[in-house]
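Chemist: Going by our numbering, the sequence shown opens with residue 2, and the numbers climb by one from there. Every residue, glycine too, gets a C-beta built ideally from N, C-alpha and C. Provided herewith is a single structure, encoded as structure tokens, for subsequent inquiry.
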Amino acid sequence: MAETYRNIDDIKNLLKVVPDFPKPGIQFLDISPVLRTPGAFRVLIQELERSIDFEFDKVAAIESRGFLLGSALAYNYHKGLVLVRKKGKLPGQTVAHTYELEYGTDTLEMTEDAIKPGDRVLIVDDVLATGGTAQATQTLVEKVGGEVLGHRFFIEIAPLHGRERLKNNIHSLIIEGA
Ligand code: AMP
2 MAETYRNIDD IKNLLKVVPD FPKPGIQFLD ISPVLRTPGA FRVLIQELER SIDFEFDKVA
62 AIESRGFLLG SALAYNYHKG LVLVRKKGKL PGQTVAHTYE LEYGTDTLEM TEDAIKPGDR
122 VLIVDDVLAT GGTAQATQTL VEKVGGEVLG HRFFIEIAPL HGRERLKNNI HSLIIEGA
């Protein structure tokens, strides 16, 4: 008989931890079994929706797994979807923000007019680790005059303290290593 998925506890066991991917020392949290299991992805999106306790105009979704969660939310709420991408992937005028990684730097970009001054923005990604990516996204949104009302993640790696780098209303469905 097919399994029934009702809440986050039901889908937690589907997550796969892949050691040393994409490089040694990283415990990669693979969400694809949740995406491909009938019913589980739906629960994930519904639980994210239940956690959203504010009004917003646009979802800023972070490449690439953030696109999957962000697009479902924007679609369901009838809101705008804005793609935040790695450097060089977006056409036209873009704004960029470069941030520090453990070794080196990375740059995220967003189309300059994707967010208008005063737009209320929800930032979405699959995993909150050090918080650098979400913080850079927050900076990009604010650069063009948007207001970040909250961040939503599927999983947060608590020992990395990513949330301390972010502003207001941060929620993750699963907290690892708390
Ligand atoms: P960070 O900037 O350190 O918070 O990293 C967050 C970004 O990197 C997100 O876009 C995640 O998809 C990805 N990421 C970081 N660590 C992991 C991990 N252990 N497993 C899966 N994705 C990760």
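(1) Can you say whether Val19 is buried or exposed, counting buried as having 16 or more other CB atoms within 10 angstroms of its CB?
(2) State the beta-bridge partners of Gly119 as determined by DSSP.
(3) Over the uninterrupted alpha helix (DSSP H) stretch that includes Arg51, give me the two end residues.
(4) Spell out a yes or no on whether the stretch 156-165 and the stretch 107-124 are touching, meaning 3 or more CB-CB pairs, one atom from each, closer than 8 Å.
(5) Check whether the Cβ atoms of Asp49 and Val35 sit closer than 8 Å, and answer yes or no.
(6) For my contact list, Glu113 and Thr138 are in at a C-beta cut-off of 8 Å; report their separation, rounded to the angstrom.
(7) Taking 7 Å as the cut-off, does the CB of Asp127 come closer than this to any heavy atom belonging to ligand 1?
(8) Measuring only from the beta carbon, is Arg66 closer than 7 Å to any heavy atom that is part of ligand 1?
(9) Beta carbon of Thr239: closer than 7 Å to some heavy atom of ligand 1?
(10) From Leu84 to Phe68, what does the alpha carbon distance come to, in whole angstroms?
(11) Compute the Euclidean distance between the alpha carbons of Gly147 and Pro25, then round it to the nearest angstrom.
(12) Does DSSP put Gln136 in a helix, a strand or coil?
(13) Ends of the beta strand (DSSP E) at Tyr100?
Modeler: On the basis of the data shown:
(1) exposed
(2) Note: Gly119 sits in no beta bridge, so no partner.
(3) Ala41 to Ser52
(4) no
(5) Looking at the sequence shown, residue 49 is not Asp but Leu. No.
(6) That pair is no contact at about 15 Å.
(7) yes
(8) yes
(9) Outside the modelled stretch of the chain, which goes from 2 to 179, sits residue 239, for which no answer is possible.
(10) 7 Å
(11) 37 Å
(12) helix
(13) Thr95 to Glu101
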